[in-house]
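If you read the protein sequences in the order shown, they are chains W and V. So in our numbering, spot 110 of the first sequence is number 110, and the numbers just go up one at a time. So in our numbering, spot 42 of the second sequence is number 1042, and the numbers just go up one at a time. Note that the Cβ used here is the ideal one computed from N, Cα and C, for glycine as well. Small disclaimer: the values here were computed from a predicted structure and weren't measured.
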Amino acid sequence: MRQEITELVPRLRRFAYSLTGSMPDADDLLQNTVERLLARDMPEDADLTRWAFRVCRNVWIDECRARKVRREAAEQPELTDGQVVDGERQTTRKIEWNRVYAAMARLPEDQRQIISLVAIQGLSYQAVAEILSVPKGTVMSRLARARSALSAALAPASMRTES
Amino acid sequence: MKITDETLSAFLDHELPESEMQAMRDELAADPALAERLAELASVDAELQAHYGAIDDQPMPEAVTRLLADAPSGAVGGEPDNVIAFPWWRRVREHTGKAVAAAVIAGFALAQWLAVPGPGEEAGWAEVAQALETRPSGEPHVIDDTTVTPRLTFRNQDGDWCRQYLVQKADHASEQIACRTGAGDWQQVAKVDVEVSASAETYQTATGGRVLDETLDRLMEGPPIGPDAERTLIEKQWSGQ
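Structure (structure tokens):
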């Protein structure tokens, strides 16, 4: 079990990052999630990956959100952690960082969770529907709305950076 | 046919029924504006992956490493966290998104689509598996309307034998990888649809093995085996060392 959770940790961490918007908060959330995963028995009929994402989201709702971590993060985004300190490149990265951060922060929460699970984690619509307890059709329509909104917010730079 | 973002988005994730997937590919080939829109949606994914992937570069919090320290066979333990393998499909998806955007910008028709194989596998799998089990690399093997051409044979990180191969049907083709389980079954682990070309030779140069290169890099434990070793392996029904 520990082995399987260990393998999932990098994915959970990215998910936590997309939920919280800040790396330190993501790591707090990750830690709480791993603690809960280890402390509880997985429901017998559950799939570990889906269960782990569901637990992560629940922990976020239960604990982190109650502490308004997200709001604080939005006011003071962590820009410097681990980023390369070299003038122009850093500035560019900072702008990119802010752009994606801001675009994601403007999405409704359910859309942000869905696009994170599909676009970043590569989960199927069915898996996401189970994790979030919504119908598959809802996943499909909200995901499309999230992609459209993000593409409107990100389009100029995404075309630039793909060249 | 009016195609919404919702349909495009589901196409991007390979979540449409196969008949609609094919209809959409035809639409995309005929409609540059639609292809461009798809590229915009696909580049959203690439940006998100780059953005949220940045946390991978941060050292894993010690508290988390400690919690999981009892993991058997020490997969993470003291190693840097970026050693942990991501599932193959995520890498391929990332790759596909970029390829799509690039292809559209360069003015090409969309050529390749990732298909995530379901656990149920697809129709005709038994025949494909049979070809993988018994046919040498480099030789096209025809079963009904399907041609299976094994490309190479290698061992994956788990020590299982795997093969990359090309599957061509009348209206579409795909590059695939499958691995042989301990029980002797072949299981598809990767599949990327590629454009059917008029000439097999052009096709080979256009996309050849490349579409799955990243996946191969991740899966392969060492270099692919040569034709002689492969022949022996097939003769011994894959029980070699």
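- Proximity of chain W to D1056/V at the Cβ level (cut-off 8 Å) is accounted for by P10, R13 and R14, in chain order.
- Remark: three or more beta-carbon pairs, one from each stretch, lie closer than 8 Å, so the stretch 1054-1071 of chain V and the stretch 23-31 of chain W are flagged as touching.
- Under the three-state reduction of DSSP, W1186/V is assigned to strand.
- Pairwise C-beta distances place the stretch 1143-1158 of chain V in contact with the stretch 1212-1220 of chain V, as three or more of them are shorter than 8 Å.
- I1003/V: not part of any alpha helix (DSSP H); DSSP gives it neither H nor E.
- Bounds of the alpha helix (DSSP H) holding W1125/V are W1125 to T1134.
- Nothing from the stretch 1212-1229 of chain V brings a Cβ to less than 7 Å from some Cβ of chain W.
- Excluding its 5 nearest sequence neighbours in each direction, L1016/V has C-beta neighbours in its own chain below 8 Å: T1007, A1010 and M1024, listed in chain order.
- Counting C-beta atoms within 10 angstroms of its own C-beta, R142/W has 16 or more neighbours from the protein chains shown and is therefore classed as buried.
- Secondary structure in the stretch 1143-1189 of chain V: no alpha helix (DSSP H) run of 4 residues or longer lies completely within the stretch.
- Excluding the 5 residues flanking it on each side, R1037/V has same chain C-beta neighbours closer than 8 Å at D1005 and L1008, in chain order.
- Cβ contact annotation for L37/W (same chain, cutoff 7 Å, sequence separation greater than five): I5, A52 and V55, in chain order.
- By the beta-carbon neighbour count (other beta carbons within 10 angstroms, threshold 16), G1226/V is exposed.
- Counting other Cβ atoms within 10 Å of its Cβ, E1235/V stays below 16 and is therefore classed as exposed.
- For G1053/V, the uninterrupted alpha helix (DSSP H) run begins and ends at P1032 to G1053, by DSSP.
- For V34/W, the three-state secondary structure derived from DSSP is helix.
- Not one beta carbon of chain W lies nearer than 8 Å to the beta carbon of L1034/V.
- When DSSP states are grouped into helix, strand and coil, K1191/V belongs to the strand group.
- Setting aside the 5 residues that flank it on each side, I120/W is surrounded in the same chain by R14, F15 and S18, each with a C-beta closer than 8 Å to its C-beta; the list follows chain order.
- With a threshold of 8 Å between beta carbons, A1010/V makes contact with chain W.
- The shortest C-alpha to C-alpha distance from K1002/V to any of L1028/V, E1018/V, D1013/V and H1014/V is the one to L1028/V.
- By the CB criterion at 8 Å, G21/W and A149/W fall outside the cutoff.
- A direct Cα-to-Cα measurement between P1032/V and I115/W gives close to 25 Å.
- A direct Cα-to-Cα measurement between R1163/V and D47/W gives close to 28 Å.
- By the Cβ-count criterion, P1223/V is exposed, with fewer than 16 other Cβ atoms from all chains shown falling within 10 Å of its own Cβ.
- Residue-level contact check: G1053/V touches chain W, since one or more beta carbons of chain W fall below 8 Å from its beta carbon.
- Against V1192/V, chain W offers no close residue; the least beta-carbon distance is about 14 Å (beta-carbon pairs closer than 7 Å).
- Around the CB of A152/W, fewer than 16 other CB atoms lie within 10 Å, so the residue is classed as exposed.
- Residue state for M23/W is assigned as helix, using DSSP reduced to three classes.
- In chain V, no part has a C-beta under 9 Å from the C-beta of S133/W; the shortest such distance is about 19 Å.
- Our two residues, M42/W and E130/W, have alpha carbons roughly 15 Å apart in a direct line.
- The beta carbon of E130/W does not come within 8 Å of any beta carbon belonging to chain V, so the residue lies off that interface.
- Chain order gives the chain V residues near V118/W as D1013, where near means a beta carbon separation below 7 Å.
- Within chain W, no C-beta atom comes less than 7 Å from the C-beta of D1031/V; the nearest is roughly 18 Å away.
- Interface with chain V (8 Å Cβ-Cβ cutoff): A127/W is excluded.
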